[in-house]
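Here is the structure we will look at, set down as structure tokens.
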Amino acid sequence: MSNQNGSGSDRKFKVVGTRPIRHDGLDKVTGRANYGADLALPGMLQGAILRSPHAHARIKKLDVSKALAMPGVKAIVTSADFPEIGSGGMAAGESHIDPKDLQANIMARGKVLYHGHAVAAVAASTIEQAREACKMITVDYEVLKPVMTLAQALAKDAPILHEGRKAVGVPPLPEGDTNIMMRLANAKGDVDAAFKGADVVVEGWYEASMAHQGYIEPHATVVTTRENGQAEIWCSTQGPFAVKSMVAVTLQMDPNLIRVTPSEIGGGFGGKTTIYLEPVAVLLSRKARRPVKMVMSREEVFRATGPTSGTRIWAKLGVKKDGSFVAADTRMEFEAGGFAGSPMGAASMTLYAAYNIPNFRFEGLDIVVNRPKVAAYRAPGAPNAAYALETAIDELAQKLAIDPIDLRLKNAVKEGDVASYGPKYDRIGFIECLQAAKNHPQYKAPLGKNQGRGVGAGFWFNVGLQSSATVSINDDGSAVVRTGNPDIGGSRASMAITVAEELGIPVERVRPLVGDTDTVGYCDLTGGSRVTYATGMAVIEASKNVIEHLRARAATIWGCEVDAVEWRDGQAVGTNGASNNKPLSLADIAKQMAHTGGPIIASASVNPPAAGPGFGVHLCDIEVDPETGRSTVLRYLVVQDAGKAVHPSYVEGQFQGGAAQGIGWALWEEYLFDKDGKMENPGFLDYRMPVASDLPMIDTVVVEVPNPLHPYGVRGVGETPIVPPLATVGNAVSRAIGVRMHQLPMTPPRVLDAIETKKG
Amino acid sequence: MAKIQVQTTINGETFDYLCDGQQSLLSVLRDELGLTGTKEGCSTGDCGACSITLDGQLVPSCLVLAAEAQGREIGTVEGVSSATGLHPIQQKFLEHAALQCGVCTPGLIVATRALLLKNPNPTEAEARYYLAGNLCRCTGYDKIIKAVLDAAASMRGESA
Ligand code: FES
Ligand code: FES
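Chains A and B, in that order, are what the protein sequence lines are.
Converting from the first sequence to our numbering requires adding 61 to each position, the first position being numbered 1.
Converting from the second sequence to our numbering requires adding 121 to each position, the first position being numbered 1.
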């Protein structure tokens, strides 16, 4: 690991940029920390869900009477217990959710749209009783032909998932019933003419499989309801306030009745930005008048939550001999799963964002198939788009015999360039990242037989959104900071570092807390790489407000004007006329709180409309065994612009974790369905996520080109790391075997096939 | 169905519990005894979040029947630290930032303890293969492996 400073912020930091031990770490290494499934309440019932055995079917009749009579059964819920709601968008962090679809995904209404779709739920005294009762619910299905692939969904006579639903978006739109839920398109310049003028053109289809976020903690919730309609929800979520509004809309409840307490969260990666169990548990708890716990099995997690879209992307890219891009054209097909809403929109915006391409065009389709409804997954849509474009760039580099980093440097966006999706870039660090990768020893390491080196780059917007924070001072001069963002990867530490930096106290003297929806101000999701950026800004503001109090208190103690008091290095220092006073430390002032105006506490809220984008460049060295087709990752490097790393260890951790997920997606992870649409690999044995022995150390370079939108220069870092790996690993394998791979994951059989084709 | 009575030792303390014949040890630890430090990620033996030691052997507690624990010695994450403080493995996990969400951490700490008892000086490859049954989705394993090797060094009395 190493740091590279882009020239920039003059601010000298004392705590920001250090690596203190995270405050919640002790509870996490000793097993004390409470995750979603760790809460038990007196009198609590256990809930289980009956799931559809068919990928596509109409529910003709549903009879729960036998199940209700089973031992221990206290309540049963079906779609009939959910209020009917109208359609209409609802903002939920990075994506828009149709409340009607959200509800129908939680509990099927009329039709099941994927194998594993929930059709009923039971609460009973024990989980075994609840599961037994599920088996006694009789459902009469009219089984329909499943639509499992994009090709099947687009076929002329394709079965239709949502009859009567029209495609929306940019015309021309399909007439009549369709599985295309949305079409987006845009163009700049004269693409066809530009291709004619290009010296070299590559084009091809690039396919990636549906992949799961793979968080190790399954979804879990415990719900208590009260006679006055209140619901107390404990759950593993990236956004307690989002849970509150989504439960309110799916149950048509007054949000004021709902309080959501986030548990510790065992991974999310976007997959815990939506809800599955919570409204069901509320209904069960209301009926049974007891607390209800619901925990998914791993199989349920695979069949009914997440994943992200599988995609087919056709891309065409043209260049001049000198390597300058002249035109690009892309058609993207995204699997949405059973309901509309793939990340195709974000993909289309990120697609060309890293490069200056004078003429471009794209078309994107959001397509429903009888697979689980996709959920956000780390930079949603961007890895798929980057897979196509960054692979095409690698092909061009080979054809032109240009170094693949040099080719990117020639076309890379920089400050002042207009992004393909509209805005003008402020300070960004793409060029710095490319140069750092080029200068890294890995780029010069010799390659042996059957080995290849891949280069890939990636872009992600990052988001700002709403955050609030409260900082309070204890009478011993220590501080507490409260926010509403579940800590998914070390954010408590960065909040504490921020307070320590501002107030000038040791980071160990700050206690960072994550509140529930009633004890903290509103915070949008932990997602969009926004917590250290936006919630961090709220914490800076709240700390500054505390300092105003501290100055006023010092002025009271000294009997001088506030203007004569400065806050410097953790102390109140007197100036003009007050300079004879001995500086007062935070502890000195805190000790006297009761006599100078009472408790010291301040809050702040922010809503930054933009965040400052992230760029990353990855290198991957791979060896392919020509006998078995097996790929081994020899070396891996992540270079990314973090703006300013608040806690560098957790920044590196984001880089490494995102890269590992991308490597898994590129080489091993995929959804396999049988001909009836049943997922064949809903477990960790067959859905192959990387294990420790699959990977080498993952080297990192933290580039720091300060983000002008943030007082410390911080950029979000969580999502960008998963954007480059699909192409990076693909390019490495393709160069190792001397054949261009066009489909992920690059499992041994696929690689062997490619090698065979080359032999002819 | 008649319950089975079991007496066992957990982290050095004697415990008595009643369980069903089909109940997993993981379920008893978490749901009956309140030892929720041991996590459940899959219940099929594939993730390692539920790792414990049974008479010193590393096992996934989701695949052990609660009744099998009769007369055996169980070690869980709750027994890793002591009155004098954290175990060096726990300390090194913290120092190396070897956890992000932390849900895999209890299992990894128990597994690492078992590894280092067997092999106090593992190579990187040995550590990676021994811990291959413990999935972590957050970290990419880099910092975990560094923490494990550093903990091994410090337990051998060397500074890495
Ligand atoms: S829960 Fe036991 S191995 Fe996953
Ligand atoms: S730290 Fe989250 S799974 Fe390992």
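The beta-carbon is built from N, C-alpha and C at its ideal position, and this holds for glycine as well.
Predicted model, so just to flag it, every value in this text is computed and none were measured.
query                                                                                                                                                                   : result
Which word fits A98(A), buried or exposed, when buried means at least 16 other C-beta atoms lie within 10 angstroms of its C-beta?                                      : buried
Determine the direct distance from the alpha carbon of F386(A) to that of G379(A), and round the result to whole angstroms.                                             : 6 Å
Tell me, to the nearest whole angstrom, how far the beta carbon of I277(A) is from that of V224(B); I am working on the premise that it is less than 8 Å.               : 5 Å
Could one say the Cβ of L574(A) lies closer than 8 Å to chain B's Cβ atoms, at least one of them?                                                                       : no
Where are the beta strand (DSSP E) runs, 3 residues long or more, that stay fully inside the region 178–205 of chain B, in chain order?                                 : 178–181, 194–196
Would you call A36(A) buried or exposed, if buried means 16 or more other Cβ atoms sit within 10 Å of its Cβ?                                                           : With chain A covering 62 to 821 only, the question about residue 36(A) has no answer from this structure.
Going along the chain, which residues of its own chain have a beta-carbon closer than 6 Å to the beta-carbon of W375(A), five neighbours each way excluded?             : W266, R392
Quick check: the region 761–770 of chain A against the region 218–234 of chain A, are there 3 or more CB pairs under 8 Å?                                               : no
Using Cβ-Cβ distances below 9 Å, what residues of the region 195–213 of chain B are close to chain A?                                                                   : T197, V198, E199, V201, S202, L207, H208, I210, Q211, Q212
Going along chain A in order, which residues have a C-beta closer than 8 Å to the C-beta of I266(B)?                                                                    : A753, M758
Hey, quick one: how far does the beta strand (DSSP E) through Y138(B) stretch, first residue to last?                                                                   : 134–140
Does chain B have any CB closer than 8 Å to the CB of G154(A)?                                                                                                          : Summary for G154(A): the model assigns pLDDT 44, below 50, so the residue's position carries little reliability, and this model does not support an answer.
Taking only runs of the beta strand (DSSP E) that begin and end inside the region 287–355 of chain A, which ones reach a length of at least 3 residues, in chain order? : 292–296, 319–323
Got a sec? Which residues, its chain only, sit under 8 Å from G328(A) by beta carbon, not counting five neighbours each side?                                           : Q274, G275, Y276, I277, E278, I549
Just reading off the alpha helix (DSSP H) that L827(A) is part of, what are its end residues?                                                                           : As displayed, chain A neither begins before 62 nor continues past 821, which places residue 827(A) out of reach and without an answer.
With distances taken from CA atoms, which of R72(A), K73(A), A665(A), F676(A) is nearest A473(A)?                                                                       : F676(A)
When the cut-off is 8 Å and only beta carbons count, does K333(A) lie next to chain B?                                                                                  : no
Taking a Cβ distance cut-off of 8 Å, strictly less, list which residues of the region 160–172 of chain B are near chain A, in chain order.                              : K160, E161, G162, C163, S164, T165, D167, C168, A170
Name all residues in chain order for which at least one heavy atom of ligand 1 lies closer than 6 Å to the residue's CB.                                                : E161(B), G162(B), C163(B), S164(B), G166(B), D167(B), C168(B), G169(B), A170(B), C171(B), P181(B), C183(B)
Anything with a beta carbon under 6 Å from a heavy atom of ligand 2 counts; list them all in chain order.                                                               : I277(A), G328(A), L220(B), Q221(B), C222(B), G223(B), V224(B), C225(B), C257(B), R258(B), C259(B), T260(B)
Can you tell me whether R287(A) is buried or exposed, with buried defined as 16 or more other CB within 10 angstroms of its CB?                                         : exposed
Let me make sure I understand the geometry here. Which of D755(A), E688(A), G777(A), A181(A) has the alpha-carbon closest to that of F716(A)?                           : G777(A)
Please classify Q107(A): does DSSP put it in a helix, a strand, or coil?                                                                                                : strand
Looking at S164(B) and R570(A), is the spacing between their C-beta atoms short of 8 Å?                                                                                 : no
Report the rounded CA-to-CA distance for D649(A) versus D537(A), giving the unit in angstroms.                                                                          : 8 Å
Following the continuous alpha helix (DSSP H) through E279(B), name the residue where it begins and the one where it ends.                                              : Element bounds for E279(B): n/a, residue is neither H nor E.
Please classify A665(A): does DSSP put it in a helix, a strand, or coil?                                                                                                : strand
Straight-line CA distance for S159(A) to Y202(A)?                                                                                                                       : Per the sequence shown, the amino acid found at residue 159(A) is Asp instead of Ser. Each residue's alpha carbon lies about 26 Å from the other.
In chain B, which residues lie with their C-beta within 7 Å of the C-beta of M750(A)?                                                                                   : L256, R258
Quick check: the Cα distance between L111(A) and A128(A), rounded to an integer number of angstroms?                                                                    : 11 Å
Output, in chain order, the set of chain A residues within a Cβ distance shorter than 7 Å of R249(B).                                                                   : A753, S754
What beta strand (DSSP E) runs, 3 residues minimum, are completely inside the region 481–527 of chain A?                                                                : 512–521
Within the chosen definition, does the region 717–724 of chain A reach the region 180–195 of chain A through at least 3 CB pairs nearer than 8 Å?                       : no
Helix, strand or coil for V568(A), going by three-state DSSP, please let me know.                                                                                       : helix
Report the residues of the region 83–94 of chain A with a CB closer than 9 Å to any CB of chain B, ordered along the chain.                                             : R83, D85, G86, L87, D88, K89, V90, T91, G92, R93, A94
Let me make sure I understand the geometry here. Which of T197(B), S203(B), A188(B), L207(B) has the alpha-carbon closest to that of T174(B)?                           : T197(B)
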